[in-house]
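Yeah, the sequence shown ends on 304 if you go by the working numbering, and it's all consecutive. Written out below as structure tokens is the structure these notes cover.
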Amino acid sequence: MKCVSGTTGIATTGADGSYVLNVNDSTFPCIGRVDYTDSANTRQKLHTFVTAPGIANITPITELLLASLTGSTSVDAFDKFDTAKLKALNAAQVSAAITAIKAYLVTLGVSVVDFPADPIGTKLVAKVGSSAGDKADGVLDDLAAKLKGMGKNLGDAVGDVDGAKTTTTNGGANVLTVSAASKSSRNGAYTVSGARFAGSAPNPTDFGFNGNTLNGLFEAEVAVTAGGVIRYAMIWYFDGNNVISFFGCGGTNPTPCTGVSFDSTGQKVTISDAHWTLTGGSETLTVNGTIVIPK
Numbered sequence: 010m011k012c013v014s015g016t017t018g019i020a021t022t023g024a025d026g027s028y029v030l031n032v033n034d035s036t037f038p039c040i041g042r043v044d045y046t047d048s049a050n051t052r053q054k055l056h057t058f059v060t061a062p063g064i065a066n067i068t069p070i071t072e073l074l075l076a077s078l079t080g081s082t083s084v085d086a087f088d089k090f091d092t093a094k095l096k097a098l099n100a101a102q103v104s105a106a107i108t109a110i111k112a113y114l115v116t117l118g119v120s121v122v123d124f125p126a127d128p129i130g131t132k133l134v135a136k137v138g139s140s141a142g143d144k145a146d147g148v149l150d151d152l153a154a155k156l157k158g159m160g161k162n163l164g165d166a167v168g169d170v171d172g173a174k175t176t177t178t179n180g181g182a183n184v185l186t187v188s189a190a191s192k193s194s195r196n197g198a199y200t201v202s203g204a205r206f207a208g209s210a211p212n213p214t215d216f217g218f219n220g221n222t223l224n225g226l227f228e229a230e231v232a233v234t235a236g237g238v239i240r241y242a243m244i245w246y247f248d249g250n251n252v253i254s255f256f257g258c259g260g261t262n263p264t265p266c267t268g269v270s271f272d273s274t275g276q277k278v279t280i281s282d283a284h285w286t287l288t289g290g291s292e293t294l295t296v297n298g299t300i301v302i303p304k
């Protein structure tokens with residue numbers, strides 16, 4: 010366990026995965042780490058975020074939570090322990106991260122009926138031998154099965170939630186939904202709306218904006234620093250051969266992010282600048298008015 014006050018002692022987990030650490034002299038928050046050998050005889054690490062003494066589960070779900078909270082891999086969050094950044098995290102952000110991870114699990118097809126309200130502090134009973142685990146442990150089993158079925162591992166899932174771009178596979182009128190679109194602690198589900206083709210309604214052949222026919226993939230990305238500064242905001246259309254930037258600001262794009270704001274209370278990004286226009290072939294896409302990206 011690495012805390013603001015330094016590293017605590019090391020404990021050995023029991024057969025049921027439980028452990029005990031003395032944190033009486035520790036200053037929170039802390040990041041916990043467990044090293045273990047998986048079924049493929051590969052050394053692995055899991056992490057968790059701890060804000061007070063008590064139960065602190067260390068599971069694949071807390072691994073995802075820490076990545077979502079810090080906007081980095083959980084390994085980096087532990088190894089490069091950033092005291093100021095971790096102390097700035099509050100209960101609302103932890104709650105938002107929990108909601109985001111729950112939403113992410115749904116995208117994987119994981120049942121979240123038994124997802125605990127507090128996956129860090131709720132007592133977990135793991136399956137040991139012939140002894141069944143509890144319902145929360147079943148969520149972990151379901152996550153492992155779904156990732157395996159998709160040819161992914163936990164590291165890939167961490168990449169999904171710690172700030173990587175994500176895609177949607179359906180158009181749907183003028184609304185685009187994406188997930189985990191922030192390279193910061195503010196990951197989650199976003200709805201991007203307001204994209205319009207200039208002078209005409211969307212057609213089935215128009216970049217997949219038709220609700221019944223998808224002719225390409227969309228990607229959206231919004232980066233917000235921990236201090237609420239917009240680093241960049243962009244939406245792309247991908248036609249299978251190259252990426253076309255519909256609109257954007259900041260980052261490597263020369264257009265500054267003027268007219269782009271972040272509401273820390275509502276946890277949403279609003280793009281209300283003038284028009285970003287792209288002309289490609291015979292199509293012209295103009296984004297007018299306001300595009301709100303709520304979390």
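Virtual Cβ for every residue (Gly too), placed ideally from N, Cα, C.
As for any alpha helix (DSSP H) of minimum length 4 sitting wholly inside the segment 37-103, the runs are 69-79, 83-88 and 92-97, ordered along the chain. Bounds of the alpha helix (DSSP H) holding Gly158 are Lys144 to Gly158. Judged by their CB atoms, Pro69 and Leu133 are not nearer to each other than the 7 Å cut-off. Under the three-state reduction of DSSP output, Val115 falls in the helix class. Taking C-beta atoms under 8 Å as the contact rule, Phe58 and Leu73 fail to qualify, at a distance of about 11 Å. Across the structure, Val103 and Thr46 are spaced so that their CA atoms are roughly 29 Å apart. Bounds of the alpha helix (DSSP H) holding Asp169 are Leu163 to Val170. Taking the C-beta atoms as reference points, Asp25 is found nearer than 7 Å to Val137. Between the alpha carbons of Lys161 and Asp169 lies a gap of roughly 11 Å. When the beta-carbon positions are compared, Asp123 and Val148 come within less than 7 Å of each other. Just measuring C-alpha positions, the residue of Ala20, Gly15, Arg52 and Gly118 sitting nearest Met159 is Gly118. Around the beta carbon of Thr71, 16 or more other beta carbons sit within 10 angstroms, so the residue counts as buried.
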